[in-house]
Every structure is written in C-alpha cells, then in structure tokens.
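In my numbering, the protein residues as written are 282 to 468.
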C-alpha cells in the first residue's frame, strides 16, 4: 500500500496553498485527463465536462490550504470533481415540462419502445445507486468497469494493493445489488 505521506502531489498542494500557480499547472498536467474522464462519465457531455474541469481546478486552488492529507491528492480531486459535477447538473436541470430532446433515438429504429424505456430507467437507477456508494468504491468501479482498466492497473492508479481493489469492487457490487433490489431483503 502506498504511504499517503509519500504522495508526490501533496507537495504541489502545499505549494498551491502558498500561492504557487506553477504547482496548480503541474497538478493539472498530472491529473487533468483523469478528472476530465470522471466528469465526462458523470455529466455525459464532453463540452460541459471541460467547463466543469475548470471549476474543479479553481476549487482545488481555493481549498488547497484546507487539504489535510488524509487521502491521496487524486482521491481529493475526484471528490471535488464529483461535487462540481453535481452542482453543474443542478444548474442544468430542465424545467418539469421540457420538450422532448431532438437527439432521442428514431422510433422507427426501435423494435420495442417499452424495452428502450426500461433500459434507460435501469441505467438511471444504476447511476443513482453508484453515487450513493463510498468514494473509494465509486473510484474502483469507474476505473475497472467504465474505463476498462485491468485490476493491477486500477490498483496502481488508486495506490492500493490489488486485494484492496478487489474488496472494494466486491463491496460495491453487494451494495449495488441491495440498492437496486436484486438481493432478497429480510422482512
């Protein structure tokens, strides 16, 4: 397991807290693409994700002095990214009676409209359930299932042993089954 005190990014955060703009730039170089991928997954739209990434970096700059070092810097940045994505979703929430999106699939291409609706509802429920998981479980799912990383690569990315990653994935799957109602509940 990587010792958090050996996280090379902690020095960048300390430098940012002292007003070093170069440290912010270096942090962006190191983590910008990973954060952008998280935001694209969260928001489903690259252009919006790029805008929100700027908010993430600004928030990191503004809160660098409050970083306690209790997690890896990347984990902290991902948490900021998820909060900023939630704020962006709230700002963009459509009115209750919004017109149908012109990008919807052509009904002629659908063999069973009810199945298409059910699939969309299931995907929405899954995304909501994932957001309820602890951050470390969300990160493990993101890397392995949504980005297609191998277990060893994902473990390395998170700075944890492979068995820790496997445990997080196992707990995440169990929690998702419960949240989505796939596991019988005691009554």
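Note that CB positions come from ideal geometry on N, CA and C, so glycine has one too. On a predicted model such as this, the values are computed, not experimentally measured, just so you know.
What's the call for residue i, buried or exposed, on a 16-neighbour Cβ count within 10 Å?
i: residue 312; result: buried
i: residue 333; result: buried
i: residue 420; result: buried
i: residue 314; result: exposed
i: residue 310; result: exposed
i: residue 323; result: buried
Provide the residue span of the alpha helix (DSSP H) that contains residue i, from first to last.
i: residue 289; result: Where residue 289 is concerned, there is no enclosing alpha helix (DSSP H), given that its DSSP letter is neither H nor E.
i: residue 443; result: 443 to 461
i: residue 358; result: 354 to 373
Give the DSSP-derived three-state secondary structure of residue i in the structure shown.
i: residue 239; result: Look at the range of the chain in this structure, 282 to 468, and you will see that residue 239 is not part of it.
i: residue 349; result: coil
i: residue 413; result: coil
i: residue 300; result: coil
i: residue 295; result: helix
- Item | alpha helix (DSSP H) runs contained entirely in the segment 312 to 347, provided each spans 4 or more residues | As summarised for the segment 312 to 347, the continuous alpha helix (DSSP H) elements at least 4 residues long and confined to that stretch are 327 to 344, given in chain order.
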